[in-house]
Amino acid sequence: MELNDGWDLFAALTGVGILILCVVLSFVLISLRNKIVVKAGRTLDKVDREVGPLLQNLNTTVTSVNTNLTQVEGELEKVGHITDNAAHVSSNVANITTMVTAAIGSPLVKVAALGFGLRSAVKRRNQEADEEQVRRMVEASRQSKKERKQARKARKRQK
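Structure representation (structure tokens):
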């Protein structure tokens with residue numbers, strides 16, 4: 803290879819310099835990568851040591867929650883039975899109330915109607931008796947007016 807002028811020499815030196823720079827940068831990047839990989843490995847080891855007990859505690863917690871849920875489910879079944887019984891009792895009370903209302907309500911209505919009828923009849927009878935008494939009093943008053951008039955006329959005649 804022959805170098806003809808200064809530019810060829812400059813280009814060759816620049817190429818060699820770039821090649822050396824690339825090799826140096828490659829070594830630097832490889833050493834940085836190795837450091838990063840080592841740190842990542844240490845971090846993963848640390849996480850692995852800490853995650854093991856956490857997962858064990860989580861497993862214990864999940865087992866405990868499942869046990870508690872089973873107990874709660876049993877209690878909910880008991881509450882369901884109690885609710886069913888309460889609904890049955892409520893239905894029975896409603897039926898008994900209906901029967902008592904039918905058995906007592908109808909006679910009570912009849913007794914109330916009879917009482918109202920008797921009261922109205924007594925009131926009407928008393929009113930008729932009062933009216934008769936008033937008529938007699940008015941008639942007596944008229945009669946006494948007539949008698950007084952006749953007595954006055956008789957006295958006037960006698961004079």
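Start counting the sequence shown at 803; every next residue gets the next number (our numbering).
For each residue, glycine too, the CB sits at the ideal point set by N, CA and C.
For residue i, I'd like the list of residues in its chain whose CB is within less than 6 Å of its CB, leaving aside the five on either flank, ordered along the chain.
i, result
"valine 840", "none"
Spatial neighbours of residue i within its chain, please: CB distance less than 8 Å, with the 5 preceding and 5 following residues excluded, ordered by chain position.
i, result
"histidine 890", "none"
| 4-residue-minimum alpha helix (DSSP H) runs that sit fully inside the stretch 880 to 944, ordered along the chain | Note on the stretch 880 to 944: there is no whole alpha helix (DSSP H) run with a minimum of 4 residues.
| query | What are the complete alpha helix (DSSP H) segments, minimum 4 residues, inside the stretch 816 to 884? | reply | Runs of the alpha helix (DSSP H) lying entirely within the stretch 816 to 884 and spanning at least 4 residues: none are present.
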